[in-house]
Every structure is written in C-alpha cells, then in structure tokens.
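Please read the structure below before turning to the comments.
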Amino acid sequence: MKYMLMMFGDGATMMQSRSQEWVSEMIGFMMSFNAELEKAGELVEARGLADPASARTVTLVDGQVVVTDGPFAEAKESLAGYWVLEVPDEQRAIERAGQVVVWAERVELREVPDGPPEQ
Numbered sequence: 001m002k003y004m005l006m007m008f009g010d011g012a013t014m015m016q017s018r019s020q021e022w023v024s025e026m027i028g029f030m031m032s033f034n035a036e037l038e039k040a041g042e043l044v045e046a047r048g049l050a051d052p053a054s055a056r057t058v059t060l061v062d063g064q065v066v067v068t069d070g071p072f073a074e075a076k077e078s079l080a081g082y083w084v085l086e087v088p089d090e091q092r093a094i095e096r097a098g099q100v101v102v103w104a105e106r107v108e109l110r111e112v113p114d115g116p117p118e119q
C-alpha cells in the first residue's frame with residue numbers, strides 16, 4: 001500500500017524560533033530517515049518544498065483563471081515537504097509518521113490508491 005506522509009510547518013519560522021543545534025539535528029534526522037526508508041525499500045519519493053511565500057493559488061472565477069499569492073493558511077499550516085511510502089499496511093505508515101511528527105508542527109497521512117475506487 002502506498003501512503004503520502006505530509007509534514008506541515010514553516011521553515012522561516014522554524015529558523016527564527018529554534019536553536020541552530022535543533023535545526024542541525026532535524027536536518028540530520030531527515031537525512032537518516034530518508035536513508036532508512038530507502039534501505040527498507042519503503043521510499044517511493046521524498047521532497048521538501050520551497051517557502052510558502054513563493055506559492056501561488058490558482059482558482060477559476062467567472063470562467064477566468066485567477067492567480068493569487070500563496071496559501072492563505074497560517075504559516076505553521078503550510079505543507080513543508082512530503083514522502084510517498086510503499087509499506088505493507090496502515091500501521092507501518094503510522095509508525096513512520098510517528099517518527100516525523102517529533103520534528104514537525106503536524107503530519108498528515110493519506111493512502112495513495114493505485115487507481116480510482118472500484119464500483
């Protein structure tokens with residue numbers, strides 16, 4: 001089963017509110033976590049995302065595409081990065097999410113189906 005593990009938070013706020021030692025430890029954790037996932041054969045993909053200030057929201061208003069700056073959530077609610085995992089079951093995905101949440105404002109976990117639901 002595939003799961004997307006999404007880490008929420010804001011890099012700029014983290015750099016201002018956390019010590020340099022904490023930031024270094026978090027980066028070290030991310031590197032070792034990725035290596036562990038890769039070694040276990042569970043990593044499909046992982047990416048960090050650019051600062052939310054560079055984000056754009058695209059909507060349709062009266063049939064016209066409208067682009068506005070950034071997401072309108074609090075910075076701590078911004079998606080900071082994600083992993084796509086291939087794990088045997090939801091419990092394993094939850095275990096992996098539990099390793100990440102120590103370093104994040106919050107983590108969201110969603111199953112990634114291989115196709116549309118069967119009818």
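Using the UniProt record's numbering, you'd call the opening residue of the sequence shown number 1 and step up by one each time. Ideal placement from N, C-alpha and C gives every residue a C-beta, glycine not left out.
Excluding the five sequence neighbours on either side, which residues of its own chain have a C-beta within less than 6 Å of the C-beta of residue i, listed in chain order?
i	result
THR68	THR57
ASN34	ALA46
MET26	TRP103
SER17	none
Can you tell me which of the three DSSP states residue i falls into?
i	result
TRP103	coil
ARG18	coil
LEU37	helix
MET1	coil
ALA46	strand
GLY115	coil
residue 122	With the chain running from 1 to 119 in the structure shown, residue 122 is simply not present.
GLY81	strand
VAL23	helix
Using a Cβ-Cβ cutoff of less than 8 Å, which residues in the same chain neighbour residue i once the five nearest sequence positions on both sides are dropped?
i	result
ASP89	MET1
Measure the beta-carbon distance from residue i to residue j and round it to whole angstroms, keeping in mind my assumption that it falls under 8 Å.
i	j	result
ALA55	GLY41	Between GLY41 and ALA55 the Cβ distance is about 32 Å, and since that is not below 8 Å, they are no contact.
GLY81	LEU60	Not really, about 28 Å apart at Cβ, beyond 8 Å.
MET31	VAL23	Actually they do not touch by this definition, with Cβ atoms about 13 Å apart.
Here's the rule: buried if 16 or more other CB atoms are within 10 angstroms of the residue's CB, otherwise exposed. What is residue i?
i	result
GLY115	exposed
ARG96	buried
VAL66	exposed
Ordered along the chain, which non-local residues of its own chain (more than five positions away) have a Cβ less than 7 Å from that of residue i?
i	result
ASP51	GLY11, ALA12
GLN20	none
LEU79	MET6, PHE8, LEU49
TYR3	LEU85, VAL87, ALA93, LEU109, ARG110, GLU111, VAL112
Return yes when at least one heavy atom of the ligand FAD lies under 6 Å from the C-beta of residue i, else no.
i	result
GLY28	Judged by which ligands are present, the structure shown has none, so any question about the ligand FAD falls away.
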